[in-house]
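My numbering applies: residue 76 is where the sequence shown begins, and numbers increase by one.
Report on the following structure.
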Amino acid sequence: MIYQPKASWIAKSHIQNLIEISACKNYKELAQKAEENTEWFWKVALKDMGLKFSSPYKRLLPAGLPWPKWAEGGEISIVENCVDRHLQLRANKTALIFEADSESSAIHWSFEDLARESSYVCGLLQEAGGLPGDRVALLMPMSLEMVASFFGTLRAGMSIVPIFSGYGEEAIKARIQDAKIRFVITQDKTYRRSKEVPVYQTLEKILPDCPSVKKVFQLNRNEFHKGHKDFPLLGSVSRPAEAECLLLYTSGTTGKPKACVHTNFGVLATPGKEHRYSFDVHSSDVFFWYTDIGWMMGPWELLGALQYGATVLLYEGVPDYPDTDRLWRMLENHKVTQFGISPTAIRVLKKSDSNFLKSQNFSNLRILGSTGEPWDEESWLWFFEKVGKSRCPIINISGGTEIMGCLLSPTPLDALKPCSLGGPALGVKTQAWDESGKLISSGLGHLVCLSPLPSMTKGFLHDPDKYLHTYFDRFGENVWYHGDWAFIDEDGLWYLKGRSDDTIKVAGKRVGPNEYESALMEDLDVAESAAVGIPHEIKGECVYCFVVLKNPSLASEEKKESLQKRLQSKMGKALSAEKILFCAALPKTRSGKILRGLIRKVSLKENYDSSAVENLDSVKAIQEAS
76 MIYQPKASWI
86 AKSHIQNLIE
96 ISACKNYKEL
106 AQKAEENTEW
116 FWKVALKDMG
126 LKFSSPYKRL
136 LPAGLPWPKW
146 AEGGEISIVE
156 NCVDRHLQLR
166 ANKTALIFEA
176 DSESSAIHWS
186 FEDLARESSY
196 VCGLLQEAGG
206 LPGDRVALLM
216 PMSLEMVASF
226 FGTLRAGMSI
236 VPIFSGYGEE
246 AIKARIQDAK
256 IRFVITQDKT
266 YRRSKEVPVY
276 QTLEKILPDC
286 PSVKKVFQLN
296 RNEFHKGHKD
306 FPLLGSVSRP
316 AEAECLLLYT
326 SGTTGKPKAC
336 VHTNFGVLAT
346 PGKEHRYSFD
356 VHSSDVFFWY
366 TDIGWMMGPW
376 ELLGALQYGA
386 TVLLYEGVPD
396 YPDTDRLWRM
406 LENHKVTQFG
416 ISPTAIRVLK
426 KSDSNFLKSQ
436 NFSNLRILGS
446 TGEPWDEESW
456 LWFFEKVGKS
466 RCPIINISGG
476 TEIMGCLLSP
486 TPLDALKPCS
496 LGGPALGVKT
506 QAWDESGKLI
516 SSGLGHLVCL
526 SPLPSMTKGF
536 LHDPDKYLHT
546 YFDRFGENVW
556 YHGDWAFIDE
566 DGLWYLKGRS
576 DDTIKVAGKR
586 VGPNEYESAL
596 MEDLDVAESA
606 AVGIPHEIKG
616 ECVYCFVVLK
626 NPSLASEEKK
636 ESLQKRLQSK
646 MGKALSAEKI
656 LFCAALPKTR
666 SGKILRGLIR
676 KVSLKENYDS
686 SAVENLDSVK
696 AIQEAS
C-alpha cells in the first residue's frame, strides 16, 4: 500500500463519526450493514448530513430498481439546503471564488452575495412568466453568473439544463429542442487562452429553430459583477422530492444525445453523501474540481460542497494557460483543501518539469480527487507525489452522468494502491459479474449495481425504453449494468479497465484499450495515447494505437518499432497493435475524456458527431494520421 491514513486524521473525519453514531465497530461493518439495508443507511446518513425537508416524507424508499422512488410525499428546497441555510451563521463567509481565464484578481462572493444574486435571477424568471417545472438552459462558462443562474433557477422551482458554452450551433440546438427549453440564460462571451469566445452570438443563430424558447436572458459579466446588493432576498420554492430539477445530457458521441432526468432529493442526497464521507468536506474547506457546468462534476460540486458551507473555487480557463503552473498557483493562492481533476489533464500537466510545483508544499491540501477514466500508474504516482506530496489520498471515484454520483469510491480511511478506486461506494451494492452473471471476488468482470441510489436517473427524457435497454437488458430488470470493466485484486481493491463498449476483440480474445495505453505510457517520450478496434477480415478486429509524443520531432519508423516491441512484450505478439499512428492531438471532451468512439469513426471515414469535442483541431489530426 502506497498510502496509509494517519490515526489523528481518521479521528476527526466525518466517516469516522458516522461509524460511531451507527454503533458499528469499523468501516467494514458499516459498509456491510449499509449494503444489506439501503433504507437504514440513508436514514442514518441524512440525519448526520443535516438535510432539511420542507415537508417530511412518508416512506424513504417505497420502490427499487429499475424505477426507484425516494422520499415519498416529501418536499425539499435545494436552495435552502445549499445557500439560505448559511445566512444565519455564515452570511459573510466566502461561498465562491472566481478566477477568469486571464490571471486577474480573483472575485469573491459571500453566501449573502450568492443569495441576493440568485434572488435577482429568480426575479427575472418569475417576471417573465416562468413557472415551477419550466426548463431553463444555462449556456454559460464556469462563472459567478452561472452559479447565480443555477441557484436562481432552482429558487424559482424550475429545472436546469446545463449546456457547455463551447458547443457549436447544432449541439446547442439539439439540446434546446429536445428539452423544449422555455428560457435560456447566457452570457455575451467567455475567454479561452486570452481569446474571446462568443456565446450569445452562437445562440442567436439557432433561436429561429427553437420555438419553445420564450425569452433569453443575457447576463454580461462586466455588468453583473457590479452586484445587486440592494435586491431583496426572495424565498425558495419547495418542490416534491421526486420532481425533476436537472437534465444532464450524455456526450452524444454514439448518436443523438440523451437527457438523464434528475430529481430534487437525489441531487442533494448522493453528492452530499460523497462530499461528506469520501472527501471529508467541512465549512472551513476550499473545494476545487477542474470541471465545467456542462459536465456532471460541475453541478455535483456545487450541490455537494455548498451544503456544508464550504467555499467552491471556479475557474473559467484551461489547465495549461498561461503556463502549466496555473492550477498550482491557484491551489496555493486560495489555500485549496480538496482538489479534483481528470487523469488526462494530469498527463498534460506532468509534461512540464515545474520548479514552482517542486517549491510548494500545499500545506492546506488534504485530499486529491479524480474521475472520468482509468489511470496509468506513472501519472497517478506523479499526481500523488508531486501535487499531493505523498501525504494526500487520491479519492478516485467512478460513476457517471446517469448516476450523478459514484458506484466506486474510497474513503479517507482506506489504504490505497496506485490507480485503485478502493471499493464499492458507501451504501451502494456494487459487484463484479462474469459473462454468465455470476459474482466474482477477484479478477476482471462487468461492473453492476444491485441497489438504488437517490440520484440515479429517472430514465432518459422521452425514451424510457432506451433507459431500460441500456442498463437492464444485460442481466435483468433488478441489476444495473454500468458498461465498465472492473478488476478486483488479491487485496480486494478495485480498478477500472475501461468501458466494455470500448472492448476490442482480437481473434476472439477480449482486450481493453487501457492495457495498450498503459503500456505505451511507460515510454517516457509518449504524452498520451488511445487504442481503438478496427474491423479486420481475418482477426475480426485489430488494434490501432494513436500516439501523441511529447516532442513531435521524435516521430519515426524507429520509434514505432520501439513502441511495438513494448506492446509485444506486454500483450504478446498475437495481440500487438496492427498500426501505431503518430498524431498531434487526441479528441477530448471538456472534462478531458478521450473520445475513442469518435477516433474509430474518423479512422474508418464514417459519419461522426463532433459536438462533444473540446479541441476540434484534433479531429483533423486523426484524419491526417489515418
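Cβ atoms here follow ideal geometry from the backbone N, Cα and C, with glycine treated the same way.
Only a predicted model underlies this, so the values are computations on that prediction, with no experimental measurement involved.
query                                                                                                                                                                                        : result
Sort Glu448, Val423 and Tyr324 by Cα distance to Ile251 and report the nearest one.                                                                                                          : Tyr324
With a cut-off of 8 angstroms on the beta carbons, I'd call Leu213 and Met221 a contact; round off their distance for me.                                                                    : 6 angstroms
Please determine if the region 422-434 and the region 379-387 are in contact, where contact requires at least 3 C-beta pairs separated by less than 8 angstroms.                             : no
Please name the residue, chosen from Gln163, Ala500, Ala420 and Lys640, that lies closest to Lys766 on a Cα-to-Cα basis.                                                                     : Past the boundaries of the shown model lies residue 766; the chain is included only from 76 to 701, so the question cannot be answered.
Looking at Lys580 and Gly534, is the spacing between their C-beta atoms short of 8 angstroms?                                                                                                : no
For Thr328 and Ile669, I'd like the C-alpha separation in whole angstroms.                                                                                                                   : With a pLDDT of 38 at Thr328, under the threshold of 50, the modelled position of that residue is not reliable, and the figure given next carries that caveat. So the alpha carbons of these two residues sit roughly 11 angstroms apart.
If you check the beta carbons only, do Tyr570 and Leu661 fall under 8 angstroms apart?                                                                                                       : no
When DSSP builds the beta bridges, which residues end up paired with Tyr570?                                                                                                                 : Phe562
Compare the beta carbon distance of Lys302 and Asp188 with 8 angstroms and say whether it is the shorter of the two.                                                                         : Residue identity differs from the one stated: residue 302 is Gly in this sequence, not Lys. Yes; because the gap between Cβ atoms is below 8 angstroms, this pair is in contact.
Quick one: give me the first and last residue of the beta strand (DSSP E) that Lys248 is part of.                                                                                            : Note, Lys248: premise wrong, no beta strand (DSSP E); alpha helix (DSSP H) at Glu244 to Ala254.
Put Met479 into one of helix, strand or coil per three-state DSSP.                                                                                                                           : coil
For Asn439 and Leu642, what's the separation of their Cα atoms in angstroms?                                                                                                                 : 41 angstroms
Just tell me which of Asp400, Thr446, Met371 and Thr113 has its CA closest to the CA of Ser417.                                                                                              : Thr446
Work out the CA separation of Phe292 and Arg257 for me, nearest whole Å.                                                                                                                     : 11 angstroms
Between Gly498 and Ala109, what straight-line distance do the alpha-carbon atoms span, to the nearest angstrom?                                                                              : 14 angstroms
What is the rounded straight-line gap between the Cα of Lys118 and the Cα of Glu95?                                                                                                          : 15 angstroms
Can you give me the Cβ contacts of Ala602 inside the same chain, cut-off strictly under 7 angstroms, excluding the 5 residues immediately before and after it?                               : Arg422, Lys426, Val623, Leu624 and Lys625
Let me know the secondary structure DSSP gives Glu364 once reduced to three states.                                                                                                          : Per the sequence shown, the amino acid found at residue 364 is Trp instead of Glu. If DSSP states are grouped into helix, strand and coil, Trp364 belongs with the strands.
Can you confirm whether the region 547-564 touches the region 473-490 when touching is taken to mean that 3 or more C-beta pairs between the two stretches lie within less than 8 angstroms? : yes
Taking the C-alpha atoms as reference points, what is the distance between Leu536 and Trp370?                                                                                                : 17 angstroms
What are the boundary residues of the alpha helix (DSSP H) that includes Cys197?                                                                                                             : Phe186 to Glu202
Return the chain-ordered ranges of every beta strand (DSSP E) run that is complete within the region 262-315 and spans a minimum of 3 residues.                                              : 264-267, 270-273 and 290-293
Quick one: what does DSSP say Ile56 is sitting in, helix, strand or coil?                                                                                                                    : No statement about residue 56 is possible, as the shown extent of the chain runs from 76 to 701 and does not include it.
With DSSP run on the structure shown, which of helix, strand or coil describes Gln435?                                                                                                       : coil
Look at the alpha carbon of Asp377 and the alpha carbon of Ala582, and state the distance between them as a whole number of angstroms.                                                       : The question names Asp, yet the displayed sequence has Leu at residue 377. Cα to Cα, the separation comes out at about 47 angstroms.
Kindly list the residues whose CB is nearer than 6 angstroms to the CB of Arg314, restricted to its own chain and excluding five residues on each side of it in sequence; keep chain order.  : Gly232 and Asn339
Would you check if there are 3 or more beta carbon pairs closer than 8 angstroms linking the region 159-169 to the region 133-140?                                                           : no
Please report the straight-line C-alpha distance between Pro755 and Ser353, rounded to a whole angstrom.                                                                                     : Residue 755 falls outside the range modelled here, since the chain spans only 76 to 701, and no answer is possible.
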